[in-house]
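*Asks:*
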Ligand SMILES: Cc1cc2nc3c(=O)[nH]c(=O)nc-3n(C[C@H](O)[C@H](O)[C@H](O)COP(=O)(O)OP(=O)(O)OC[C@H]3O[C@@H](n4cnc5c(N)ncnc54)[C@H](O)[C@@H]3O)c2cc1C
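Numbering (mature numbering (1 follows the signal peptide of the UniProt record, and there is no 0)), first residue to last: -21 to -1, 1 to 256.
1. Measure the beta-carbon distance from residue 190 to residue 237 and round it to whole angstroms, keeping in mind my assumption that it falls under 8 Å.
2. Residue range of the beta strand (DSSP E) that residue 106 falls in?
3. Can you grab the Cα-Cα spacing for the pair residue 212 / residue 45, in whole Å?
4. What does the alpha-carbon distance come out to for the pair residue 101 and residue 250?
5. With distance defined between alpha-carbon atoms, name the residue in 230, 145, 234 nearest to residue 9.
6. According to DSSP, which residues form a beta bridge with residue 172?
7. I'd like to confirm the pairing. Which residues does DSSP put opposite residue 167 in its beta bridges?
8. Give every residue of the same chain whose Cβ lies closer than 8 Å to the Cβ of residue 163, excluding the five residues on either side of it in the sequence, and list them in chain order.
9. My understanding is that residue 129 touches residue 38, with C-beta atoms under 8 Å, so please give their C-beta distance in whole angstroms.
10. Starting from residue 148, trace the beta strand (DSSP E) both ways and give me its first and last residue.
11. What three-state label does DSSP hand residue 237 in the structure shown?
12. Consider the C-beta atom of residue -11 and the heavy atoms of ligand 1; say whether any pair is separated by less than 6 Å.
13. Can you have a look at residue 1 and say buried or exposed, based on whether 16 or more other CB atoms are within 10 angstroms of its CB?
14. Taking the alpha helix (DSSP H) that residue 137 falls in, what are its first and last residues?
15. Which value, in whole angstroms, describes the spacing of the CA atoms of residue 141 and residue 167?
16. Considering only residues of the same chain and omitting the five flanking positions on each side of residue 21, which have a CB-CB separation below 7 Å?
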């Protein structure tokens, strides 16, 4: 009999893992067990931009391996006739900074991965700064992708079901409940909830909040340094961010954060200011 795999979690990691397992081992029985599904997973709120971000002390070799495999996978999908259904767009990304010295700074290993990645000199940065209300003096320009989870998650779920996958809508209270059940392998894809499910206190949240606005004239992403505000176009709206609040478990929108994101992004791209007349 074919082995039976349980995947806990239906976010981007759970669905990708489940579909990959089906594709790698034909005939494998795979069941996804999850408390929440799209559009109620973490990825549904995100813009889906490919760009290593907020990775702190993660070793460079791991970032390079993960980011290049992901980029290659997205590129393959982009070239396929499914690109529109999957929600992929190739976009220019400008990351600008008010700190000088960007031209001499050593770039991380992952910058070798995208189709293009250039350091912007101070002269170009000043020109780009004229598009904003900020005084940028350096930065980078990169060709990247957005792989929008609001499109990609339903695409993966459909693929999973067509491949014969089963879905259970339930919360797993403890891994003990799998004892004596008919699963050969259980894969934990619960994201930050692994903190509670398996008591791994090293898994901590970094709270992000975004605004989605209607600005169909925006076709490039603008990021303010590594941890500042960002503007990322998606197919149906534009994502404004962002917050990176370590250790914050609050999943509700915070009006003070909304205001700060709005003000910061309007400084970065003044045309986003809400028209009052
Ligand atoms: C505002 C914001 C913007 C972001 N922007 C980007 C971006 O542009 N690019 C990028 O690459 N990343 C971005 N990220 C990060 C990215 O969204 C996450 O890393 C990713 O979505 C995590 O996916 P996951 O599948 O690991 O977890 P989740 O999406 O959180 O999925 C976990 C799944 O496990 C289930 N689950 C959890 N516990 C249990 C349980 N006990 N029993 C059953 N089911 C359970 C949940 O219901 C859910 O289905 C952003 C994040 C945020 C918050």
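We treat Cβ as the ideally placed atom computed from N, Cα and C, and that holds for glycine.
*Replies:* By the coordinates alone:
1. 6 Å
2. Not the beta strand (DSSP E): residue 106 falls in the alpha helix (DSSP H), residues 101 to 108.
3. 24 Å
4. 24 Å
5. 145
6. DSSP, once it has assigned bridges, lists no residue as partnering residue 172.
7. -14
8. -19, -18, -17
9. Their Cβ separation, rounded to whole angstroms, is 31 Å, which puts residue 129 and residue 38 out of contact at 8 Å.
10. 145 to 148
11. helix
12. yes
13. buried
14. 128 to 141
15. 23 Å
16. -11, 170
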